[in-house]
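K.L.:
Dumping the structure here so I can ask a few things about it.
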Amino acid sequence: KLDIERMGRFLELLRRPIAMKMNSQDTRSAPPEAVKEFLEKSRKSPPSSERLRLIQALHDATRTSEVSLEMSSTIGRSMVDTMLAELQKGKNVPKEARQMVAAQLNTMRDQARGLIRSVLLVTYRNATDDELAEYLKLIDTDTGRWGNEALANAVRPVLASRGSAFGAETGKLAIARRSASETLSVGNRSS
302 KLDIERMGRF LELLRRPIAM KMNSQDTRSA PPEAVKEFLE KSRKSPPSSE RLRLIQALHD
362 ATRTSEVSLE MSSTIGRSMV DTMLAELQKG KNVPKEARQM VAAQLNTMRD QARGLIRSVL
422 LVTYRNATDD ELAEYLKLID TDTGRWGNEA LANAVRPVLA SRGSAFGAET GKLAIARRSA
482 SETLSVGNRS S
């Protein structure tokens, strides 16, 4: 019963005007050119330290990176495992290959954290600092953090299942393209 009450309080937070406004902002509503232009402008003239602090605090309160990185890691691991398994069928793949790939995936996770913060900057590009601060005040509470964690926990199994399947399919496609490319290359040399 306690969790139902907490979820009710969290949903009340999400129905507040500032939460509805901030949650309706979307990177998809901006054409890719506008996003690219915004990011280029941000590189030349970085956002204020206050803006960056607000984005970082919102990022921390919503745990955006953790959920996104779990999804991308699941896809990456599944893709690499599929590719290595396919490669091992025909050739000897060094044992170090898995370790090298795992190290590369960790490096990519670190790089992705910065990218995710950039996505948040783009997502909230039309929000004022005052709106971000008001939204943060709402979300960076026990109820807000609990609700975001509850949502993340609810979506994890779905993301893991779908991400794993997507990664495996992507790995098979990559191997098929590689094989087709090698076949064409051998055929061209024979001609």
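For the sequence shown, the residue numbers in the working numbering are 302 to 492. Yeah, the Cβ is synthetic: ideal placement off N, Cα and C, and Gly gets one too.
The alpha helix (DSSP H) spanning Arg352 covers which residue range?
P.N.:
Ser350 to Thr363
K.L.:
For the candidate residues Pro332, Ala477 and Ser465, whose alpha-carbon lies nearest to that of Ser379?
P.N.:
Ser465
K.L.:
So Ala453 packs on Met308, CB below 8 Å; how close in whole Å?
P.N.:
Ala453 to Met308, Cβ: 13 Å. No contact.
K.L.:
Can you give me the C-alpha to C-alpha distance between Leu388 and Glu470, rounded to a whole angstrom?
P.N.:
15 Å
K.L.:
Rounded to a whole number of angstroms, what is the C-alpha to C-alpha distance between Leu340 and Leu422?
P.N.:
In a straight line, the C-alpha of Leu340 is about 9 Å away from that of Leu422.
K.L.:
Are the beta-carbon atoms of Gly445 and Ala362 separated by less than 8 Å?
P.N.:
yes
K.L.:
Ignore the nearest five residues each way along the sequence and tell me which others in Thr375's own chain have a CB closer than 8 Å to its CB.
P.N.:
Excluding residues within five positions, the ones whose Cβ falls inside 8 Å are Leu460, Ala461, Gly464, Ser465 and Gly468.
K.L.:
Using three-state DSSP, classify Asn449 as helix, strand or coil.
P.N.:
helix
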